[in-house]
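Chains as they are written, first to last, in my numbering: chain H, 522 to 618; chain V, 522 to 618. Below: the structure, in structure tokens.
Number of protein chains: 2
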Amino acid sequence: MYGLIGQMFAAQGRREELIAVMCASVGEMPGCLSYVVARDPKSDDGVWVTEVWDSAESHKGSLAIPEVKATIEKAMPLIARFGEHFETEPVGGHGLA
Amino acid sequence: MYGLIGQMFAAQGRREELIAVMCASVGEMPGCLSYVVARDPKSDDGVWVTEVWDSAESHKGSLAIPEVKATIEKAMPLIARFGEHFETEPVGGHGLA
Chain H
522 MYGLIGQMFA AQGRREELIA VMCASVGEMP GCLSYVVARD PKSDDGVWVT
572 EVWDSAESHK GSLAIPEVKA TIEKAMPLIA RFGEHFETEP VGGHGLA
Chain V
522 MYGLIGQMFA AQGRREELIA VMCASVGEMP GCLSYVVARD PKSDDGVWVT
572 EVWDSAESHK GSLAIPEVKA TIEKAMPLIA RFGEHFETEP VGGHGLA
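Structure below.
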């Protein structure tokens, strides 16, 4: 499995809008086992995204899906900057769809 | 919802053992929506755990469950130190059991 833990900061006052965009198109992505969008309670604009994919290839492939590309296009103007970024290698657990 | 993103480092050479302990008892925790154990590909000993709970209270309550207490007791000697630690406020996504 392939995992990502990423942090980003919304443009001022646009966090809820960014989160709505990011949550809207989820679930149509082959190989996506988990995709969670969260507020960063330590900041007004921070967002965490944690992802689990069956493989790095599935993640890469998702970026070519028209709906995902459209989501990225909608999200980018709402993002001021990216923060933490970690790749992981998930092994197991609970809640992997 | 309440989320945790945590990193820990296993005692040298004990990572697989630590991961096995942490994966073994998962799924018996009321209010646990996601719990993913992952290797940190950037180090030989690093482990990431990402958790989503319906509430902070459910997470806190889980620490009193006998099976969870037993897991913590088994895991602690296998952990050399803790690394990154972030609390999150999950909003939505995919793979929340």
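Beta carbons: idealized from backbone N, C-alpha and C, even for Gly. On a predicted model such as this, the values are computed, not experimentally measured, just so you know.
Quiz prompt | Nonlocal neighbours in the same chain, by C-beta distance under 7 Å from residue 539 (chain H), ignoring five residues either side | solution = Result list for residue 539 (chain H): 531, 568, 596, 599 and 600, in chain order.
Quiz item: How about residue 527 (chain V): is its C-beta nearer than 8 Å to some C-beta of chain H?
Solution: It does not; no Cβ of chain H falls within 8 Å.
Quiz prompt | Distance between residue 546 (chain V) and residue 588 (chain V) (C-alpha atoms, nearest Å) | solution = In this structure, the CA atom of residue 588 (chain V) is about 7 Å from the CA atom of residue 546 (chain V).
Exercise. Determine contact between the segment 569-576 of chain H and the segment 546-561 of chain H, defined as no fewer than three beta-carbon pairs at a distance below 8 Å.
Key: When Cβ pairs closer than 8 Å are counted between the two stretches, the segment 569-576 of chain H is seen to touch the segment 546-561 of chain H, the count reaching three or more.
Quiz item: Are any of the Cβ atoms in chain H nearer than 8 Å to that of residue 593 (chain V)?
Solution: Judged by the 8 Å Cβ criterion, residue 593 (chain V) is not in contact with chain H.
Self-check item: residue 618 (chain H) to residue 549 (chain H) span [Cα, whole Å]
Solution: Cα to Cα, the separation comes out at about 12 Å.
Quiz item: Does the distance from the CB of residue 616 (chain H) to the CB of residue 525 (chain V) come in under 8 Å?
Solution: In this structure, residue 616 (chain H) keeps its C-beta atom at 8 Å or more from the C-beta atom of residue 525 (chain V).
Quiz prompt | Nearest candidate by alpha-carbon position, reference residue 566 (chain H), set H:552, H:551, H:577 and H:604 | solution = Considering only alpha carbons, the answer is H:604.
Practice problem: Using a Cβ-Cβ cut-off of less than 7 Å, list which residues of the segment 527-559 of chain V approach chain H; keep chain order. | Solution: Residues of the segment 527-559 of chain V that bring their beta carbon within less than 7 Å of a beta carbon in chain H comprise 540, 544, 547, 548, 553, 554, 555, 556, 557, 558 and 559, in sequence order.
Quiz item: residue 617 (chain V) touches chain H at which residues, Cβ-Cβ below 9 Å?
Solution: Correct list: 555, 557, 616 and 618.
Self-check item: residue 613 (chain V): contacting residues in chain H (beta-carbon distance under 7 Å)
Solution: Neighbours of residue 613 (chain V) on chain H, chain order: 544 and 558.
Self-check item: Proximity test, Cβ basis, 8 Å: residue 603 (chain V) and chain H
Solution: Closer than 8 Å: no.
Quiz item: Around the C-beta of residue 534 (chain V), are 16 or more other C-beta atoms found within 10 angstroms, so that it is buried, or is it exposed?
Solution: Sixteen is the threshold: since fewer than 16 other Cβ atoms of the shown chains lie within 10 Å of the Cβ of residue 534 (chain V), the residue is exposed.
Quiz prompt | Range covered by the beta strand (DSSP E) that runs through residue 527 (chain H) | solution = For residue 527 (chain H), the enclosing beta strand (DSSP E) covers residues 523-531.
Quiz prompt | Interface residues of the segment 565-593 of chain V facing chain H [CB-CB below 7 Å] | solution = Here the close residues are 569, 571 and 573.
Quiz prompt | Given residue 594 (chain H) as reference, the closest of H:529, H:542 and H:611 once Cα atoms are compared | solution = Among H:529, H:542 and H:611, the Cα nearest to that of residue 594 (chain H) is on H:542.
Practice problem: Please name the residue in H:590, H:563, H:591 and H:577 whose C-alpha comes closest to that of residue 523 (chain H). | Solution: Ranking H:590, H:563, H:591 and H:577 by Cα distance to residue 523 (chain H) puts H:577 first.
Quiz item: Out of H:536, H:564, H:574 and H:552, which has the shortest C-alpha to C-alpha gap to residue 608 (chain H)?
Solution: With distances taken between Cα atoms, residue 608 (chain H) lies closest to H:574.
Practice problem: Note down, in chain order, each residue of its chain lying with its Cβ closer than 8 Å to the Cβ of residue 592 (chain V), except the 5 sequence neighbours on either side. | Solution: Only 542, 543, 545 and 546 meet the Cβ criterion.
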